[in-house]
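Residue numbers (the numbering used here): 175 to 693.
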């Protein structure tokens with residue numbers, strides 16, 4: 175608990191600094207974690223038969239055993255992209271030639287030799303990619319080609335990761351993926367014939383790419399749920415780390431105090447591997463400096479078994495609010511019963527403070543001012559370049575300075591209520607939505623727990639203490655060791671031309687709908 179007390183002090187200091195647009199100084203002892211090693215995992219027959227069905231960890235083990243090459247894996251994904259992405263529209267840009275070239279170099283023993291060597295990845299299109307367009311699905315950046323990688327992308331490449339392409343996203347990371355005029359593009363991988371089904375938040379393309387087996391794993395960003403919500407909607411495990419865990423250098427911003435970078439993956443192990451590579455201090459993003467060391471996330475995501483039974487690595491209290499999955503009582507009961515049966519887990523009923531809805535609802539509008547701040551030049555020069563999402567950007571201009579200060583005071587009050595109240599009774603908290611922990615910059619993990627009556631995935635969101643991503647992974651890994659929801663995959667879509675011509679027209683979001691659903 176001494177570490178938790180220190181983590182909280184660092185987090186509170188960092189939150190106060192970030193609200194003022196500054197950051198803490200680095201502590202000299204900090205260094206990036208040693209190169210991780212992926213443990214041997216069991217390889218299911220499906221992954222032996224079809225490389226695109228292998229999880230990231232399974233693919234690494236197959237390559238280590240000489241049963242798979244980077245070229246074979248990359249070709250498998252590119253073949254699926256060629257066959258199915260006209261339906262999914264998961265990619266804004268496919269870099270097939272450079273991906274294949276990188277894979278062939280890896281097979282020849284050239285290039286980076288890190289833990290991700292030869293693993294094909296999808297990168298959300300708001301991350302800078304050297305020499306590859308980064309449009310952020312906006313006319314503002316329609317001609318932008320960066321001359322460097324974002325820090326997160328550079329670390330993935332340095333670990334051997336191969337960029338297959340840029341994942342489609344909501345315009346400037348606000349809504350689900352649409353064209354600038356609001357016409358829906360990327361679909362939910364589980365309902366490709368029905369584009370009206372919600373695919374989650376703005377990291378729609380990266381989520382669809384992983385769920386549809388068009389990439390091994392992906393990275394997205396979250397300001398208002400855009401990692402955990404697409405993961406819940408598409409049967410993935412998404413991990414939004416604590417603010418500052420992953421550098422945002424080279425990521426087109428939406429909110430200085432709420433943007434997070436993190437993985438969308440097949441399971442807890444894959445999410446842990448991705449975050450282990452991405453995390454750590456970066457001198458070009460002061461929000462990453464002076465933080466506690468990154469824990470061993472891969473160890474945290476490795477299930478622990480005693481006498482053949484899975485148990486928790488550490489005793490963990492899970493807070494359960496009364497309104498968690500309140501509209502799906504059967505699913506709620508099955509999920510909580512399964513958790514409760516894992517040795518080391520204790521379920522604890524928690525209640526929210528009386529002002530919870532006010533603090534997490536009304537004051538959530540403060541984020542709108544933060545998003546307009548870096549884009550004032552474009553708003554003045556040509557507001558039409560913001561397309562269907564313009565209304566929410568204009569709302570940010572209307573927020574006065576005193577209102578923003580009041581919202582920061584409310585945020586500080588909410589932070590105290592969470593850390594000294596709700597989280598004082600538990601180690602992790604089941605949530606009804608991502609917004610409270612997004613406001614505060616606390617870590618969250620999303621993972622699959624079943625399906626609704628229409629066959630659309632349902633997931634849980636678990637929030638954690640500052641810098642305790644490892645605790646979140648321990649819970650998700652233990653649950654996934656005793657369930658198989660995360661192994662389910664959607665059926666491939668119909669590609670017959672006549673069937674495609676008869677598919678329903680893609681819906682179009684109005685400006686009001688875009689503002690109402692904006693991150």
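Every residue, glycine too, gets a C-beta built ideally from N, C-alpha and C. Since the model is a prediction, treat every value here as computed from it, not as a measurement.
Proximity of residue 442 and residue 219 at Cβ, strictly below 8 Å: no
What do you get for residue 343, buried or exposed, if any count of 16 or more other CB atoms within 10 angstroms of its CB means buried? With 16 or more other Cβ atoms inside 10 Å of its own Cβ, residue 343 counts as buried.
Per-residue burial, residue 480 [other beta carbons within 10 Å of its own, 16 or more giving buried]: exposed
Which of helix, strand or coil DSSP assigns to residue 341: strand
Does residue 348 get closer than 8 Å to chain D when you measure Cβ to Cβ? Of the chains in the structure shown, none is chain D; there is only one protein chain.
So, with DSSP's three-state summary, where would you put residue 557? helix
Count Cβ pairs between the stretch 228-246 and the stretch 259-273 that sit closer than 8 Å; are there 3 or more? Verdict: no, contact absent.
DSSP has residue 391 in a bridge; who is on the other side? 295
What do you get for residue 355, buried or exposed, if any count of 16 or more other CB atoms within 10 angstroms of its CB means buried? exposed
Taking the alpha helix (DSSP H) that residue 380 falls in, what are its first and last residues? 378-385
My guess is that residue 566 and residue 692 are in contact by the Cβ rule of under 8 Å, so how many angstroms apart are they, rounded? 4 Å
Between the Cα of residue 570 and those of 587, 556, 538, spot the shortest distance and give me the residue it belongs to. 538
Where does the unbroken beta strand (DSSP E) through residue 265 begin, and where does it stop? First-last of the beta strand (DSSP E) with residue 265: 265-268.
Those residues which DSSP pairs with residue 604 across a bridge: 636
Based on DSSP bridge pairs, tell me the residues matched to residue 682. 357
For residue 404, the first and last residue of its enclosing beta strand (DSSP E): No beta strand (DSSP E) contains residue 404, which is instead part of the alpha helix (DSSP H) from 402-407.
For residue 413, three-class secondary structure by DSSP: Collapsing the DSSP output to three states places residue 413 in a strand.
Short Cβ contact (8 Å threshold) for residue 406 with residue 631: yes
Count Cβ pairs between the stretch 629-645 and the stretch 332-348 that sit closer than 8 Å; are there 3 or more? no
Pick from 276, 492, 183 that is closest to residue 597, judged by C-alpha positions: 492
Does the Cβ-Cβ distance between residue 517 and residue 485 come in under 8 Å? yes
Which of helix, strand or coil does DSSP assign to residue 460? helix
Take the Cβ of residue 326 as the centre, count every other Cβ of all protein chains shown within 10 Å, and call the residue buried at 16 or more, exposed below. buried
In whole angstroms, what is the alpha-carbon distance linking residue 384 and residue 439? 7 Å
With distances taken from CA atoms, which of 601, 572, 614 is nearest residue 589? It is 614 whose Cα lies nearest to the Cα of residue 589.
Leaving out five residues before and five after residue 490 in sequence, what residues of the same chain have Cβ atoms less than 8 Å from its Cβ? Within the same chain, residue 490 has close Cβ partners 518, 519, 520, 601, 602, 645, 648, 649.
Classify residue 585 as helix, strand or coil using the three-state DSSP reduction. Under the three-state reduction of DSSP, residue 585 is assigned to helix.
Exposed or buried, what is residue 159 when buried is set at 16 or more other beta-carbons lying within 10 Å of its beta-carbon? Lying before the first or after the last residue shown, residue 159 is absent from the chain, which here runs from 175 to 693.
For residue 694, count neighbouring C-beta atoms within 10 Å of its own C-beta (all shown protein chains included) and say buried if the count is 16 or more, exposed if not. No information on residue 694 is available, as it lies outside the stretch 175 to 693 that the chain covers here.
With distance defined between alpha-carbon atoms, name the residue in 234, 351, 663, 421 nearest to residue 465. 421
Is residue 584 closer than 8 Å to residue 424 when the C-beta atoms are compared? no
Under a three-way DSSP split, which group does residue 546 fall into? helix
Less than 8 Å between the beta carbons of residue 640 and residue 181, yes or no? yes
Apply the 10 Å Cβ neighbour rule to residue 276 and answer buried if 16 or more other Cβ atoms are within range, or exposed otherwise. buried
Candidates 283, 216, 210: closest to residue 245 by CA position: 283
By a C-beta neighbour count over all protein chains shown, 10 Å radius and 16 as the cutoff for buried, is residue 205 buried or exposed? Caution is warranted here: a pLDDT of 39 is assigned to residue 205, below 50, making its placement in the model unreliable, and the coordinate value is therefore given only provisionally. By the neighbour-count rule (16 or more Cβ atoms within 10 Å), residue 205 is not buried but exposed.
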